[in-house]
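Chains as they are written, first to last, in my numbering: chain A, 58 to 214; chain B, 58 to 214.
All C-beta atoms, glycine included, are put in the ideal place defined by N, C-alpha and C.
There are 2 protein chains.
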Amino acid sequence: MTSQDLGEKGSLLLDDQLCFGLYSASRAVTSLYRTLLEPLDLTYPQYLVMLALWEHDAQQVKELGAALNLDSGTLSPLLKRLEKAGLVTRERQADDERSVRIMLTDQGEALREQAERIPPHIGRALGFDLDTIVRLRTSMDQLTESVNAYRDALPTT
Amino acid sequence: MTSQDLGEKGSLLLDDQLCFGLYSASRAVTSLYRTLLEPLDLTYPQYLVMLALWEHDAQQVKELGAALNLDSGTLSPLLKRLEKAGLVTRERQADDERSVRIMLTDQGEALREQAERIPPHIGRALGFDLDTIVRLRTSMDQLTESVNAYRDALPTT
DNA sequence: TGCAACTAAATTGTGCACAACTAAACTGAG
DNA sequence: CTCAGTTTAGTTGTGCACAATTTAGTTGCA
């Protein structure tokens with residue numbers, strides 16, 4: 058029995074196997090990012106936040122949460138760690154004291170150059186041609202939407 | 058946006074996007090399992106361990122770890138929680154006192170019936186036909202292997 | 001036989017995810 | 001104007017993941 062095969066043929070439904078494959082693939086990818094991001098002292102979720110800010114600086118916590126599908130329970134402590142590392146600042150907005158604006162520091166902006174070394178590694182590591190990458194990405198998006206819709210439609214007991 | 062339009066820069070962005078898609082999809086799937094497994098008082102990783110034991114009872118922690126790609130740092134506390142819930146027993150093997158054998162209790166075996174209600178939900182939630190499921194599972198396995206091989210081949214600083 | 005090297009599981013510490021809740025600020029219908 | 005309801009962040013508690021280390025048990029071989 059290999060790591061990708063939880064049981065004998067036919068005893069585990071293919072649907073469950075795809076979910077396990079997804080779970081394994083996601084962890085493998087995160088593990089590679091961990092290795093690649095170690096010199097930058099970033100975790101993968103922190104890298105995602107930095108990508109969002111490099112793309113568009115000065116976002117609210119709410120906006121970052123919408124972009125990454127993460128809530129304040131995950132983002133608040135993560136952003137505090139990025140602040141402590143000197144990569145971002147957090148400040149209450151004057152016009153709406155509820156919201157907090159996250160901005161890159163010079164150091165955070167400068168890290169971008171280092172981070173540009175990451176994607177080429179990912180491309181080589183995936184080992185798929187461009188069409189396959191595009192096709193898989195589309196499938197992942199469909200799957201996410203479909204699964205979330207199904208979950209939201211379940212009776213809320 | 059089609060693959061033909063993408064230059065080198067575009068493909069790099071796409072690689073990161075596939076990884077993010079994978080991360081989002083995996084979390085969505087886990088979220089659905091969370092809802093479906095709530096009546097069974099199981100988390101998704103706990104469900105995976107139970108699946109492995111329903112398939113083949115009486116496994117060492119090491120064997121479960123190999124099947125699920127999880128180390129003892131994750132499994133030890135998880136198995137203690139399953140034991141506390143009355144689903145498994147943990148006992149040192151007499152012939153090798155280093156290893157611990159995990160066995161289903163009657164209650165753990167009985168939970169199988171409840172668990173059989175889960176996979177049909179997953180199948181409907183994924184919203185893919187069988188060929189697509191098979192194709193995606195193959196891609197996920199390939200991706201996991203490729204990414205792990207790439208990571209293991211990186212210079213070990 | 002003695003003991004260094006190895007193995008299996010557990011432990012420790014960090015950082016996500018996420019549910020549930022709280023605090024503070026804002027909004028709008030009456 | 002007021003205050004009930006909403007919004008935005010943050011807090012608390014649980015449970016993975018995983019690196020690093022520890023403990024206990026086993027094995028090989030000089």
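Cut-off 7 Å between Cβ atoms - residues of its own chain near residue i, not counting five sequence neighbours on either side
i: Gly-67(A); result: Here the model assigns Gly-67(A) a pLDDT of 38, short of 50, so the residue's position is not dependable and the matter cannot be decided.
i: Arg-158(A); result: Ala-115, Gln-117, Glu-148 and Gln-150
i: Leu-139(A); result: Gln-103, Val-106 and Val-145
i: Tyr-122(A); result: Sequence check: residue 122(A) is Gly here, not Tyr. So the list reads Asp-128, Ser-129 and Leu-132, once near-sequence residues are dropped.
i: Leu-97(A); result: Leu-168, Gln-171 and Ala-172
i: Leu-135(A); result: Pro-102, Gln-103 and Val-106
i: Ala-142(A); result: Asp-98
i: His-113(A); result: none
Contact with chain B by residue i, beta-carbon distance below 8 Å
i: Ile-179(A); result: yes
i: Met-197(A); result: yes
i: Asp-73(A); result: yes
i: Val-204(A); result: yes
i: Arg-169(A); result: no
i: Leu-70(A); result: yes
i: Pro-94(A); result: For the sequence presented, residue 94(A) should be read as Leu rather than Pro. With 8 Å as the cut-off, Leu-94(A) does not count as an interface residue toward chain B.
i: Val-118(A); result: no
Extent of the continuous alpha helix (DSSP H) run through residue i
i: Thr-201(A); result: 187-210
i: Glu-112(A); result: 101-112
i: Leu-135(A); result: 129-141
i: Ala-115(B); result: Unbroken run through Ala-115(B): none, as it is neither H nor E.
i: His-183(A); result: The residue asked about is misnamed: residue 183(A) is Leu in this sequence, not His. First-last of the alpha helix (DSSP H) with Leu-183(A): 175-183.
i: Asp-73(A); result: 71-94
Residue i to residue j span [Cα, whole Å]
i: Arg-149(A); j: Gly-130(A); result: 18 Å
i: Ala-82(B); j: Lys-137(B); result: 29 Å
i: Glu-95(B); j: Asp-152(B); result: 38 Å
i: Arg-181(B); j: Ala-172(B); result: 16 Å
i: Asp-73(A); j: Leu-200(A); result: 14 Å
i: Asp-209(B); j: Glu-202(B); result: 11 Å
i: Leu-79(A); j: Glu-154(B); result: 35 Å
i: Leu-125(A); j: Lys-119(B); result: 35 Å
i: Asp-188(B); j: Leu-70(A); result: 14 Å
i: Arg-174(B); j: Tyr-90(B); result: 12 Å
i: Val-204(A); j: Thr-100(A); result: 26 Å
i: Ala-85(B); j: Leu-193(B); result: 16 Å
i: Met-197(B); j: Leu-211(A); result: 27 Å
i: Trp-111(A); j: Tyr-207(B); result: 27 Å
i: Ala-109(B); j: Leu-75(A); result: 15 Å
i: Phe-77(A); j: Pro-176(A); result: 25 Å
i: Thr-195(A); j: Thr-195(B); result: 16 Å
is_contact[residue i, chain A] using C-beta, thresh 8 Å
i: Ala-115(B); result: no
i: Thr-201(B); result: yes
i: Ala-82(B); result: yes
i: Leu-99(B); result: no
i: Leu-110(B); result: no
i: Ser-129(B); result: no
i: Pro-217(B); result: With chain B running from 58 to 214 in the structure shown, residue 217(B) is simply not present.
i: Ser-88(B); result: yes
i: Leu-136(B); result: no
i: Leu-105(B); result: yes
i: Arg-158(B); result: no
i: Leu-161(B); result: no
i: Leu-121(B); result: no
i: Gly-78(B); result: yes
i: Arg-208(B); result: yes
Chain-order list of residues whose beta-carbon lies under 8 Å from that of residue i (same chain, five-residue window excluded)
i: Leu-144(B); result: Met-107, Leu-161, Thr-162, Gln-164, Gly-165 and Leu-168
i: Ser-88(A); result: none
i: Leu-39(A); result: No statement about residue 39(A) is possible, as the shown extent of chain A runs from 58 to 214 and does not include it.
i: Phe-185(B); result: Leu-193
Endpoints, the beta strand (DSSP E) within which residue i is located
i: Arg-149(A); result: 145-149
i: Arg-158(B); result: 157-161
Nonlocal neighbours in the same chain, by C-beta distance under 6 Å from residue i, ignoring five residues either side
i: His-178(B); result: Leu-93
i: Ser-156(B); result: Gln-117 and Gln-150
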